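As they're listed, the protein sequences go chains F and S. Using this note's numbering, you'd call the opening residue of the first sequence number 1 and step up by one each time. Using this note's numbering, you'd call the opening residue of the second sequence number 1001 and step up by one each time. Cβ coordinates follow ideal geometry from the N, Cα and C atoms, glycine included. None of the values given here were measured: they were computed from a predicted structure. Report on the structure given below.
Protein chains: 2
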Amino acid sequence: MAVHTARPSARERLLAAADELFYREGVHVVGIDRVIEHAGVAKASLYNTFGSKDELIRAYLEGRHAAIEKRVTEGLAAYPTPREKILGVFDIQGARFQNPEYRGCPFISATAEAMPGAGSLAAADAYRSWVRALFADLARQAGAPDPGALAQQLQIAYDGVAVKMRMDGDPAADLAAGRGLAAMLLDAALGPA
Amino acid sequence: MAVHTARPSARERLLAAADELFYREGVHVVGIDRVIEHAGVAKASLYNTFGSKDELIRAYLEGRHAAIEKRVTEGLAAYPTPREKILGVFDIQGARFQNPEYRGCPFISATAEAMPGAGSLAAADAYRSWVRALFADLARQAGAPDPGALAQQLQIAYDGVAVKMRMDGDPAADLAAGRGLAAMLLDAALGPA
DNA sequence: GCTCTCACAGACAGGTCTGTCTAGTGTTGG
DNA sequence: CCAACACTAGACAGACCTGTCTGTGAGAGC
Chain F
1 MAVHTARPSA
11 RERLLAAADE
21 LFYREGVHVV
31 GIDRVIEHAG
41 VAKASLYNTF
51 GSKDELIRAY
61 LEGRHAAIEK
71 RVTEGLAAYP
81 TPREKILGVF
91 DIQGARFQNP
101 EYRGCPFISA
111 TAEAMPGAGS
121 LAAADAYRSW
131 VRALFADLAR
141 QAGAPDPGAL
151 AQQLQIAYDG
161 VAVKMRMDGD
171 PAADLAAGRG
181 LAAMLLDAAL
191 GPA
Chain S
1001 MAVHTARPSA
1011 RERLLAAADE
1021 LFYREGVHVV
1031 GIDRVIEHAG
1041 VAKASLYNTF
1051 GSKDELIRAY
1061 LEGRHAAIEK
1071 RVTEGLAAYP
1081 TPREKILGVF
1091 DIQGARFQNP
1101 EYRGCPFISA
1111 TAEAMPGAGS
1121 LAAADAYRSW
1131 VRALFADLAR
1141 QAGAPDPGAL
1151 AQQLQIAYDG
1161 VAVKMRMDGD
1171 PAADLAAGRG
1181 LAAMLLDAAL
1191 GPA
């Protein structure tokens, strides 16, 4: 590997540019030309590396998935019990609402107008399965009688608060509402804390 | 008014075509040419009537808003108490999940990649305010201590179930999960029924 | 030195997009 | 009969889209 001033590879710069532009403005609105210009990369490099815009979008979403999974997994280590970890997921994700760059869930936005077979749909499915499995696993550890059903409801709260935050944009109120919703679900499924 | 075979006006045919195509495939994906072809209308008629695609999108969403408001308002008459009316909103909207043409909330989809100032954003704001006011009004009638806060949480469940249904697509389970979530919120805010 | 790989720069093709404009048609009311 | 009106048909402009292609240059390994 290069020892001095290692300029990021074309692939890395493309992913960074795609992440920024696709998330801020949307995968349909942003064209290839803007991505390569922002990345300082030749068009041929994009097509050699990813093959198509659809694959670039998929890679962008997979990167988002990996970043969220890492942030949540590492953040949850600070919460002692399964029950607190579930609420912790809302806290960790809700902390992002304060960021004025927050634009809602990238998977919901990118797949809102996806055609059947689009790469964004596969990436979103994988992400949503991970969220559901995380909630179900924690619910099982917390002793929920039906961890799968509780996970479904937690995911509804998880999606709903992201949508509400994007469209209505009241960080403190939306985080509190989502967290409160999750707490009520836990009280109902597990008994009051 | 015409007595026989009154062919719908260009405006009506445009709105019908826009409603079908925009909802099924998305407002960004569907171009003007496809709308006018499907409506059997000249391009000039579209621009004389609506002025721009953005205004057509706004009119499409306003039509959706009016239809939902009518369906929900009329449907709620059958529910006796405010508490049952709140659950009724989920039942009435959830009934649409059975329809294989269901594609999620049109406002979430249309605004997912909207640029600031787009007509879709204004239409979505109006729609969301109506939903929130409806929930808040029913919550107040039901005796909730903080109707506004309860309405926010009900809206999170309302949005979340639409997203989950669009992306995961399990009509019976998603309706049950959303309705159960709303019922828990009511139990927590008002005491068990 | 020499080749091989990677990446840059940018022209180009072929298509689609929104929006404008001209010109013609049919109906209706006076 | 005729003028107003709403609509149709479609060419056109200008921009943008994705994806392909050619040619150039810089650095690494032999």
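Let me know the secondary structure DSSP gives residue 1161(S) once reduced to three states. Three-state result, residue 1161(S): helix.
I need the DSSP call for residue 1082(S), collapsed to helix, strand or coil. helix
Which of the three DSSP states, helix, strand or coil, is assigned to residue 100(F)? In the three-state DSSP reduction, residue 100(F) falls in the coil class, being neither helix nor strand.
Between the CA atoms of residue 79(F) and residue 5(F) - distance to the nearest angstrom: At residue 5(F), the pLDDT of 45 sits below 50, so the modelled position is not reliable and the matter cannot be decided from this model.
Using 8 Å as the limit for Cβ to Cβ distance, is residue 1087(S) near chain F? no
For residue 50(F), does the three-state DSSP call read helix, strand or coil? coil
In whole angstroms, give me the CA-to-CA distance for residue 145(F) and residue 1030(S). 46 Å
In the structure shown, what three-state DSSP assignment does residue 9(F) receive? Per DSSP, reduced to three states, the secondary structure at residue 9(F) is coil, with no helix or strand assignment.
Flag this pair as touching only if the stretch 1059 to 1069 of chain S and the stretch 1013 to 1022 of chain S have three or more C-beta atom pairs under 8 Å; answer yes or no. yes
Tell me which same chain residues have a C-beta within less than 7 Å of the C-beta of residue 54(F), skipping the five on either side of it? 118 and 119
Give the straight-line distance between the Cα atoms of residue 1109(S) and residue 1115(S), rounded to the nearest whole angstrom. 13 Å
Which bits of chain F does residue 1185(S) rub up against, with CB to CB less than 8 Å? Under the 8 Å cutoff, chain F gives 181 and 184.
What are the uninterrupted segments assigned as beta strand (DSSP E) that are 3 or more residues long and contained completely in the stretch 1108 to 1166 of chain S, given in chain order? none
Leaving out the 5 sequence neighbours to the left and right, which residues in its chain are closer than 8 Å to residue 179(F) when beta-carbon positions are compared? 87, 90, 91 and 94
If residue 1153(S) and residue 1185(S) are in contact, beta carbons under 8 Å, what's the gap, nearest whole angstrom? 5 Å
Among 125(F), 130(F), 85(F) and 50(F), which one has its Cα closest to the Cα of residue 10(F)? 50(F)
Rounded straight-line distance, which links the Cα of residue 1059(S) to that of residue 1024(S): 16 Å
Return the residue from the list 1068(S), 1072(S), 1008(S) and 1026(S) that minimises the CA-CA distance to residue 1041(S). 1008(S)
Taking only three categories from DSSP, how would you classify residue 1106(S)? DSSP places residue 1106(S) in helix when its eight states are reduced to three.
Taking the straight line between their C-alpha atoms, what separation do you get for residue 1067(S) and residue 1167(S)? 23 Å
Considering just the uninterrupted stretch of the alpha helix (DSSP H) at residue 172(F), what are its terminal residues? Here the alpha helix (DSSP H) through residue 172(F) covers 171 to 190.
Quick one: is residue 100(F) buried, meaning 16 or more other Cβ sit within 10 Å of its Cβ, or exposed? exposed
Excluding the 5 residues flanking residue 56(F) on each side, which residues of the same chain have their C-beta closer than 6 Å to its C-beta? Counting only Cβ-Cβ distances below 6 Å, and skipping sequence neighbours, we find 18 and 50.
Please tell me whether residue 1005(S) has its Cβ less than 8 Å away from any Cβ of chain F. The predicted position of residue 1005(S) is uncertain, since its pLDDT is 46 and thus under 50; a value taken from the coordinates is nonetheless stated next. No, because no Cβ of chain F sits closer than 8 Å to the Cβ of residue 1005(S).
Could you give the DSSP three-state label for residue 1003(S): helix, strand or coil? Confidence at residue 1003(S) is low in this model, with a pLDDT of 36, below 50, so its placement is unreliable and the value that follows should be read with caution. Three-state DSSP puts residue 1003(S) in coil, outside helix and strand.
Looking at the C-beta of residue 1149(S), does it have a partner C-beta in chain F at a distance below 8 Å? yes
Would residue 1053(S) count as contacting chain F if we go by Cβ distances under 8 Å? Contact of residue 1053(S) with chain F is not assigned, every C-beta pair being separated by 8 Å or more.
Ignore the nearest five residues each way along the sequence and tell me which others in residue 188(F)'s own chain have a CB closer than 6 Å to its CB. Counting only residues of its own chain and dropping the five nearest sequence neighbours on each side, residue 188(F) has no CB closer than 6 Å to any other CB.
Do residue 198(F) and residue 151(F) have their C-beta atoms within less than 8 Å of each other? Missing from the structure shown is residue 198(F); chain F here goes from 1 to 193 and no further.
Pick from 69(F), 38(F), 46(F) and 44(F) that is closest to residue 126(F), judged by C-alpha positions: 69(F)
Using 8 Å as the limit for Cβ to Cβ distance, is residue 1065(S) near chain F? no
Select from the stretch 96 to 116 of chain F all residues with a C-beta closer than 9 Å to any C-beta belonging to chain S, and list them in chain order. 104, 105, 107, 108, 109, 110, 111, 112, 113, 114 and 115
Report all residues from its chain with a CB closer than 6 Å to the CB of residue 1124(S); omit the five preceding and five following residues, and keep chain order. 1107 and 1111
Return the CA-CA distance between residue 1046(S) and residue 1032(S), expressed in angstroms with no decimal places. 9 Å
Taking CB distances under 8 Å as the criterion, tell me whether residue 188(F) reaches chain S. yes
Just to confirm my understanding: we take residue 165(F), look at its own chain, exclude 5 residues before and 5 after, and list those with CB closer than 6 Å. What are they? 97 and 174
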